[in-house]
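Novice: Would you mind keeping the following structure in view while I ask a few things?
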DNA sequence: AATTATTGGTTGACGGGTCAAGCAATTAAG
DNA sequence: CTTAATTGCTTGACCCGTCAACCAATAATT
């Protein structure tokens, strides 16, 4: 099964494997998708924001934003209204219910991240962060 | 935009961001999806294999396998036949066309991985691999 | 003023993954 | 033997992301 690979190939496969497990596991632990929680956290800090600005902070497609917000609205976590001074933009904000729930989510998230990083020394964590940045940078050049 | 985060949270976000860029960029560079190339590479080393064994090597859903193979078959890269001694299993193998193409893909893949890891010393690469393994292990415990 | 961008948002279709249900073939049990 | 479980594969439905087309509202040109 385990095919012959260069060590670099193994790194690449390792990244994909890691990635494959990450989001589903997070969701199972935290009860919410990583991106949806990011949306909520972003909203938590601004009180009210247009979808497009939200999108810039989150870095996903406008269509995805629309659908996530639709879902979060149906779940009662957020509310939307039109900007009276510019009827193109819709302003999004957390409901009190959403605000309440977010605390628990953040806690689960921290718990999750701590589990993820158990066994990593402070030095290793900064090393890891550094490597992630450099990988990201290398990707952006392509 | 950049919200206040703990350093651990930033690592988590970094992983997600990295992940988000990885596959699409790979596909743009190599002309094939990472998983599809993994399928081809797996096939390259066995000549003929049942879908379920293929699945175990690749670690994705059986349904996904079915659809990928369907696509690869339509593209003329692979062929399938029934196992005469057990009509449940379908045996998959590369066509000569598939065999020809795979060399170029692998080259692009190596080029891609090298770009991804530029600036990483030999020591850092082993460190990175080690960290990926440990992260994976931590995830598996959850 | 009237016409022409441009902007913010929504929708539809697609690819990639999951799970759940179904089917045919094989194997195991009564 | 016949019935019941298991195995390998396929299909349908769903979620999450993308892109492309579209619409309404505003801004810019003329």
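Protein chains in written order, with the working numbering: chain A, 4 to 145; chain B, 4 to 145.
Note that CB positions come from ideal geometry on N, CA and C, so glycine has one too.
#1: Are residue 14 of chain A and residue 25 of chain B closer than 8 Å when you measure CB to CB?
#2: By Cβ distance, which residues of its chain are closer than 8 Å to residue 47 of chain B, with the 5 residues on each side in sequence left out?
#3: Hey, could you find the ends of the alpha helix (DSSP H) residue 99 of chain B is sitting in?
#4: Nearest CA to the CA of residue 123 of chain B: which residue from A:131, A:41, A:125?
#5: Applying a beta-carbon distance threshold of less than 8 Å, which residues of chain A neighbour residue 163 of chain B?
#6: Return the Cβ separation of residue 93 of chain A and residue 139 of chain A in integer angstroms, given the expectation that the two are a contact with Cβ distance under 8 Å.
#7: Look at the alpha carbon of residue 70 of chain A and the alpha carbon of residue 76 of chain A, and state the distance between them as a whole number of angstroms.
#8: In the DSSP output, what is residue 148 of chain A paired with across the bridge?
#9: Could you confirm whether any beta carbon from chain A is found closer than 8 Å to the beta carbon of residue 40 of chain B?
#10: Taking C-beta to C-beta, are residue 42 of chain B and residue 61 of chain B nearer than 8 Å?
#11: Residues in the same chain with beta-carbon distance under 8 Å from residue 59 of chain A, minus the five sequence neighbours each way, listed in chain order, please.
#12: Count the other CB atoms within 10 Å of the CB of residue 141 of chain B; is the residue buried (16 or more) or exposed (fewer)?
#13: Quick check: the Cα distance between residue 33 of chain B and residue 9 of chain A, rounded to an integer number of angstroms?
#14: Which partner residues does residue 9 of chain B have in the DSSP bridge list?
#15: In three-state terms, what does DSSP make of residue 1 of chain B?
#16: On the three-state DSSP scale, how would you describe residue 124 of chain B?
#17: Using a Cβ cut-off of 9 Å, which residues of the stretch 9 to 22 of chain A contact any Cβ in chain B, in chain order?
#18: Can you say whether residue 112 of chain A is buried or exposed, counting buried as having 16 or more other CB atoms within 10 angstroms of its CB?
#19: Give, in chain order, every residue of the stretch 92 to 116 of chain A whose Cβ lies closer than 8 Å to some Cβ of chain B.
#20: Below 9 Å on C-beta distance, what does residue 25 of chain A contact in chain B?
#21: Residues in its own chain within less than 6 Å of residue 83 of chain B by CB, not counting five upstream and five downstream?
#22: Is it buried or exposed, residue 37 of chain A, if we count other Cβ atoms within 10 angstroms and call 16 or more buried?
#23: Comparing C-alpha positions only, which one of B:12, B:81, B:116 sits nearest to residue 16 of chain A?
#24: Can you find a CB in chain A that lies within less than 8 Å of the CB of residue 128 of chain B?
#25: Step through the CB atoms of chain A and report whether any lies within less than 8 Å of the CB of residue 53 of chain B.
#26: Would you kindly work out how many angstroms separate the C-alpha atoms of residue 144 of chain A and residue 135 of chain A, rounded to a whole number?
#27: Note the first and the last residue of the continuous alpha helix (DSSP H) segment covering residue 38 of chain A.
Specialist: Per the coordinate set shown:
#1: Working through the first chain from its first residue, we reach residue 14 of chain A at position 11. Working through the second chain from its first residue, we reach residue 25 of chain B at position 22. Not a contact, by the Cβ cut-off of 8 Å.
#2: Within the second chain, residue 47 of chain B is the residue found at index 44, counting from 1. Once the five neighbours on either side are set aside, the close Cβ partners of residue 47 of chain B are 97, 102, 105.
#3: Within the second chain, residue 99 of chain B is the residue found at index 96, counting from 1. Per DSSP, residue 99 of chain B belongs to the alpha helix (DSSP H) from 99 to 119.
#4: Against the second chain, residue 123 of chain B aligns to sequence position 120. Per the Cα distances, A:131.
#5: Chain B is shown from 4 up to 145; residue 163 of chain B falls before or after that span and cannot be answered.
#6: Taking the first chain and counting its residues from 1, the one referred to as residue 93 of chain A is at position 90. Taking the first chain and counting its residues from 1, the one referred to as residue 139 of chain A is at position 136. With 8 Å as the limit, residue 93 of chain A and residue 139 of chain A do not qualify as a contact, their Cβ atoms being about 31 Å apart.
#7: As a first step, residue 70 of chain A must be located in the first chain, where it is residue number 67. As a first step, residue 76 of chain A must be located in the first chain, where it is residue number 73. The alpha-carbon atoms of residue 70 of chain A and residue 76 of chain A are separated by roughly 10 Å.
#8: Outside the modelled stretch of chain A, which goes from 4 to 145, sits residue 148 of chain A, for which no answer is possible.
#9: The residue you call residue 40 of chain B lines up with position 37 of the second chain. Residue 40 of chain B does not count as touching chain A.
#10: Counted from its first residue, the second chain places residue 42 of chain B at position 39. Counted from its first residue, the second chain places residue 61 of chain B at position 58. Yes, these two residues count as a Cβ contact at 8 Å.
#11: Residue 59 of chain A sits at position 56 when you count from the first residue of the first chain. Here the set comprises nothing.
#12: Sequence index remark: in the second chain, residue 141 of chain B carries index 138 (1-based). Residue 141 of chain B comes out buried.
#13: As a first step, residue 33 of chain B must be located in the second chain, where it is residue number 30. As a first step, residue 9 of chain A must be located in the first chain, where it is residue number 6. So the two alpha carbons sit approximately 18 Å from each other.
#14: Against the second chain, residue 9 of chain B aligns to sequence position 6. Residue 9 of chain B is not bridged to any residue.
#15: Given a span of 4 to 145 for chain B in the structure shown, any question on residue 1 of chain B remains unanswerable.
#16: To locate residue 124 of chain B, count along the second chain from 1; it is residue 121. Coil, per DSSP.
#17: 9, 10, 11, 12, 13, 14, 15, 16, 17, 18, 19, 20, 21, 22
#18: The residue you call residue 112 of chain A lines up with position 109 of the first chain. By the 10 Å Cβ count, residue 112 of chain A comes out buried.
#19: 112, 113, 115, 116
#20: Here residue 25 of chain A refers to the residue found at position 22 of the first chain. 15, 18, 19, 22, 138, 142, listed in chain order.
#21: Taking the first residue of the second chain as position 1, residue 83 of chain B is located at position 80. Excluding positions up to five away in sequence, the list reads 93, 95.
#22: Within the first chain, residue 37 of chain A is the residue found at index 34, counting from 1. Answer is buried; the Cβ neighbour count reaches 16.
#23: Working through the first chain from its first residue, we reach residue 16 of chain A at position 13. Considering only alpha carbons, the answer is B:116.
#24: Counted from its first residue, the second chain places residue 128 of chain B at position 125. Answer yes: the Cβ-Cβ gap between residue 128 of chain B and chain A drops below 8 Å somewhere.
#25: One-based indexing of the second chain puts residue 53 of chain B at position 50. No, residue 53 of chain B does not count as interfacial toward chain A.
#26: Translated into the one-based positions of the first chain, residue 144 of chain A becomes position 141. Translated into the one-based positions of the first chain, residue 135 of chain A becomes position 132. For residue 144 of chain A and residue 135 of chain A, the distance between alpha carbons rounds to 14 Å.
#27: Residue 38 of chain A sits at position 35 when you count from the first residue of the first chain. Start and end: 37 to 47.
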